[in-house]
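Asker:
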Amino acid sequence: MHATREISRRTLLKATGAAAGAAGIATAAASPTSAATGYAHPGLLHTGADLARMAAKVKAGAAPYTAGYARLTANRHAQSGWRANPQATVYRGAGSPQNYTILYNDIHAAYQNALRYHVSGDSAHADTAVAILNAWSSKLTSLQGSADRFLAAGLYGYQFANAAELVRDHADFDLGRFQHMLTEVFAPLSEDFLVHHNNAVVTNYWTNWDLTAMACVLATGIFCDDQAQVARAVDYFKHGEGLGSVRHAIPVVHDDGLGEWLEAGRDQGHALLGVGLMGTFCEMAWNQGVDLYGYDDSRFLKGAQYVAKWSLGGKVSYTANTRRKGAIGGWSGTETATAAAGVDPNMRRPIWAMIANHYTKRRGLSATYLTQIAAKTAPEGGGGDYGPNSGGYDQLGFGTLAYTRDRSTIPTASPAPTPSPSTTATYTSASPIDLAATGSGDVIGWTAAAGVTAIAGGLLFLRRRDRVRGDGAK
């Protein structure tokens, strides 16, 4: 199994690494350490300057940082008494047993303890985070299941990398072994999904499927100092064929300046997930000198504003959209979204502080709807604060603490360090993995968008609006 993965990975690197391999990213001035390649560490969702700001603001009793920190310390995952329960194989979607809840609970415990350590200085929390991460890297060898295994790889891969980035310099942390786990267990599935989409037609999977994989590829590339991997992720954001690339996720910019979010035609929960993931992707890239927040005339800002307005109960335009579904050489069908779905204005996800603070504080731009929804959802919590199912753990959260910042006196038009990685490489592979479910069967059990029907294999699936979101496909 490991040999097959390594062959696939080497094929990817050979196909894309030549152009990207020479492209470095300079070191951020605010970050205390950097790799020989020029990547800033810490430098995923939080830089050294970010961590110092959190600690100083909380120590000074400054609002709203103190409220954000109170949410962190109250979370059961953020306690130094947490003990890991590592598994050799993690199953999501199918398999015996489905045990991925163990994984995401442990990841969030590692992240929350590591973040709490940086704010409080209490080394017991750093030790707990390191113990969790070391336990998993010493045991986990495989992710299995239905198509949902790709979601597990993407979501938990990028989250794992972010938790580990916060303690990568800890004396007891086994950095090499953790990098090996990310590159052998998580990244290959995410890279393969972006190439083959589980042997389905490229539009079979909604936006957030791509975005989970993209986040994993970027996060592990930065964490493991893999320039070619970072370049592939950035290139996919800009030019990828799947629905997670920015022009597919936000296919229309309306006259009012709002960018239509494709999954608004599906349902609110998945649209929020997608915006949170794209924000995560942009933030990680920004901290390594790559401005994707501003890419294509700040297209993500327009999409995030659209989802914010819609989630607040505002009326938004939606262009009817039909996408092809099915397996290559197998069944086929189409799905049409005709209107933006209904929303619950009280639905909260910890995604807005990061995005709002970037555009309004770093860049000094006006973003009315982002400002409103960030205020409404503050103080943001994290995993464990938004319900017991997997959806409550899709974001690492705690944005009020982590991303609140003072307005820049000189708005930042571009990130430091620069330049960005080369994006001349194409995302190709010659080594597909086994064909599993394309996700079509999983989707029936999820909350549906208003006016959406799916036609596949001659069957009409009318999705019920009153279904409760569970732990199925994204």
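Residues in the sequence shown are numbered consecutively from 1312, following the numbering used here. Heads up, the beta-carbon is just placed ideally off N, CA and C, and yes, glycines get one too.
So if DSSP puts Y1402 in a beta bridge, which residue, or which two residues, is it bridged to?
Answerer: The partner list for Y1402 (beta bridge, DSSP) reads Q1455.
Asker: I'd like the list of long-range same chain contacts for R1718, defined as Cβ closer than 6 Å, with 5 residues on each side in sequence excluded.
Answerer: Contacts found: K1672.
Asker: Look at the alpha carbon of L1426 and the alpha carbon of V1557, and state the distance between them as a whole number of angstroms.
Answerer: Roughly 30 Å between the two C-alpha positions.
Asker: Which class does A1651 belong to by DSSP, given the choice of helix, strand or coil?
Answerer: Correct three-state label for A1651: coil.
Asker: Need the endpoints of the alpha helix (DSSP H) that G1614 sits in, please.
Answerer: Note, G1614: alpha helix (DSSP H), 1606-1622.
Asker: CA-CA distance, G1553 and H1559?
Answerer: Each residue's alpha carbon lies about 7 Å from the other.
Asker: Using a threshold of 9 Å, state whether the C-beta atoms of H1436 and A1389 are closer than that.
Answerer: In contact: H1436 and A1389 (Cβ atoms closer than 9 Å).
Asker: Determine the contact status of N1598 and P1726, defining contact as a CB-CB distance below 9 Å.
Answerer: Closer than 9 Å, so yes.
Asker: Taking a contact to mean a Cβ-Cβ separation below 9 Å, would you say V1506 touches G1637 in this structure?
Answerer: Not in contact: V1506 and G1637 (Cβ atoms no closer than 9 Å).
Asker: Is the region 1459-1477 touching the region 1401-1412, taking contact as three or more C-beta pairs under 8 Å?
Answerer: With the cut-off at 8 Å, the region 1459-1477 and the region 1401-1412 touch.
Asker: Does the beta-carbon of T1630 have 16 or more other beta-carbons within 10 angstroms, so that it is buried, or is it exposed?
Answerer: Exposed, since its Cβ has fewer than 16 Cβ neighbours within 10 Å.
Asker: What residue does the alpha helix (DSSP H) around K1549 start on, and which one ends it?
Answerer: Taken as a continuous stretch (DSSP letters only), the alpha helix (DSSP H) holding K1549 covers 1538-1550.
Asker: Excluding five sequence neighbours on each side, which residues of the same chain lie with their C-beta closer than 7 Å to the C-beta of A1378?
Answerer: Taken in chain order, the residues that qualify are P1690, T1711.
Asker: Which two residues bound the contiguous beta strand (DSSP E) that contains D1637?
Answerer: Inspection of the sequence shows that residue 1637 is occupied by Gly rather than by Asp. Taken as a continuous stretch (DSSP letters only), the beta strand (DSSP E) holding G1637 covers 1632-1637.
Asker: Do you know offhand how far W1520's Cα is from G1555's?
Answerer: Near 7 Å, if we compare the C-alpha coordinates of G1555 and W1520.
Asker: I believe V1618 touches A1667 by the beta-carbon criterion, under 8 Å. Please report the beta-carbon distance rounded to the nearest angstrom.
Answerer: Actually they are not in contact, since the Cβ atoms of V1618 and A1667 sit about 12 Å apart, beyond 8 Å.
Asker: Which of helix, strand or coil does DSSP assign to T1439?
Answerer: Correct three-state label for T1439: helix.
Asker: In the DSSP assignment, what are the bridge partners of R1354?
Answerer: Looking at the sequence provided, one finds Gly at residue 1354 rather than Arg. For G1354, which the question treats as bridged, DSSP gives the partners T1358.
Asker: Using 9 Å as the limit for Cβ to Cβ distance, is S1719 near chain D?
Answerer: Here chain D cannot be found, since the structure has a single protein chain.
Asker: Pair every Cβ in the region 1525-1535 with every Cβ in the region 1587-1598, then say whether three or more of these pairs are closer than 8 Å.
Answerer: They touch, by the three-pair rule.
Asker: Would you mind reading off the limits of the alpha helix (DSSP H) that contains H1559?
Answerer: It spans 1557-1560 - the alpha helix (DSSP H) in which H1559 sits, taken as one unbroken run.
Asker: How many whole angstroms separate the CB atoms of R1635 and T1518, which I take to be in contact at a CB cut-off of 8 Å?
Answerer: About 15 Å; that fails the 8 Å criterion.
Asker: Looking at the secondary structure, which residues open and close the alpha helix (DSSP H) in which K1626 lies?
Answerer: Segment: none, K1626 is in no alpha helix (DSSP H) and carries neither H nor E.
Asker: What does the Cβ neighbour count give for K1626, buried or exposed, with the cut at 16 atoms within 10 Å?
Answerer: Exposed: under 16 other Cβ atoms inside 10 Å.
Asker: Within a Cβ cutoff of 8 Å, which residues of the same chain sit near P1656, ignoring the five residues on either side of it in sequence?
Answerer: Excluding residues within five positions, the ones whose Cβ falls inside 8 Å are S1622, L1623, G1624.
Asker: Work out the CA separation of L1573 and L1454 for me, nearest whole Å.
Answerer: So the alpha carbons of these two residues sit roughly 29 Å apart.
Asker: Where N1416 and G1487 are concerned, what is the direct C-alpha to C-alpha distance, given to the nearest angstrom?
Answerer: Each residue's alpha carbon lies about 23 Å from the other.
Asker: Write down every uninterrupted run of the alpha helix (DSSP H) in the region 1488-1518 whose length is 4 residues or greater and which is fully enclosed by it, in chain order.
Answerer: If we require 4 residues or more, the alpha helix (DSSP H) runs fully inside the region 1488-1518 come out as 1498-1507.
Asker: Can you tell me whether DSSP reads G1693 as helix, strand or coil?
Answerer: Note: G1693 maps to strand in three-state DSSP.
Asker: State the Cα-Cα distance for the pair F1504 and A1498, rounded to the nearest angstrom.
Answerer: When rounded, the distance between both Cα atoms is 10 Å.
Asker: Starting from the Cα of I1639, find the closest Cα among S1449, N1509, V1496 and give me that residue.
Answerer: Taking only the C-alpha atoms, the option nearest I1639 is N1509.
Asker: Look at the Cβ atom of T1531, then the Cβ atom of Q1538, and state whether they are nearer than 9 Å.
Answerer: Taking 9 Å as the Cβ cut-off, T1531 and Q1538 do not qualify as a contacting pair.
Asker: In the DSSP output, what is G1708 paired with across the bridge?
Answerer: According to DSSP, which records beta bridges pairwise, G1708 is partnered with G1693.
Asker: If you follow the alpha helix (DSSP H) that F1484 is part of, which residue opens it and which one closes it?
Answerer: Neither: F1484 is in no alpha helix (DSSP H) and is coded neither H nor E.
Asker: Straight-line CA distance for L1500 to L1584?
Answerer: Approximately 20 Å, taken between the alpha carbons.
Asker: Expressed to the nearest angstrom, what Euclidean distance is found between the alpha-carbon atoms of S1391 and G1703?
Answerer: Roughly 21 Å between the two C-alpha positions.
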